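Read through the structure below, which is laid out as structure tokens, and then see the notes.
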Amino acid sequence: VVVLSATQTNIATISHADQFDPNTGNNTSSETVTPQQADLSITNTVNNATPNVGDTITITVTVANNGPNSATGVVVTDLLPAGLTFVSATPSQGTYNSTTGVWAVGTVTKASTASLEL
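Counting in UniProt numbering, the sequence shown runs from 1 upward without gaps.
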């Protein structure tokens, strides 16, 4: 299991054998693992920042992936505050649960965006 985002090198070395090894040059092997990375950003905009009581507004949440790799398993939480009533959700991808505020976005490929209108 990869637990750090930095490049890791695993080195295996033969440390002992009962017999003589005439070629010790092949007794070490290494492998480098470079975990994928995705630079995600999020913006939250509203179509009317100064509505009257009773007005319907649209909040747009946008997730952008600036790369260098695709982001998988992306989940965003955006639960509306008590002063707003949920009417509908339109995600460009994935599903939104208005009770929990969880938007299960899924995969956002590099250099792309996903949006949710509430």
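Every residue, glycine too, gets a C-beta built ideally from N, C-alpha and C.
Source: prediction; values computed, not measured.
Limits of the beta strand (DSSP E) - the one that residue i falls within
i	result
Asn65	59-68
Val102	102-108
Thr95	95-97
Ala71	71-77
Closest by C-alpha distance to residue i, when choosing among the options
i	options	result
Ile11	Val33, Gln93, Gly67	Val33
Ala6	Ile14, Thr28, Pro35	Pro35
Val76	Asn26, Ser98, Phe20	Ser98
Thr85	Gly54, Trp103, Thr60	Gly54
Ser29	Leu40, Pro51, Ile14	Ile14
Ala114	Asn65, Val87, Pro81, Ala82	Asn65
Leu4	Thr90, Asp18, Gln37	Gln37
Pro51	Glu117, Gly83, Pro22, Leu116	Gly83
Glu117	Leu80, His16, Gln19, Gln8	Leu80
DSSP three-state assignment for residue i, whether helix, strand or coil
i	result
Asn10	strand
Thr24	helix
Asn52	coil
Leu116	strand
Val39	For the record, residue 39 in the displayed sequence is Asp; it is not Val. Correct three-state label for Asp39: strand.
Ser5	coil
Ser30	strand
Thr85	coil
Asn44	strand
Inter-residue CB distance, residue i and residue j (contact presumed, cutoff 8 Å)
i	j	result
Gly73	Ala111	Their Cβ separation, rounded to whole angstroms, is 19 Å, which puts Gly73 and Ala111 out of contact at 8 Å.
Thr60	Thr45	5 Å
Thr43	Thr62	5 Å
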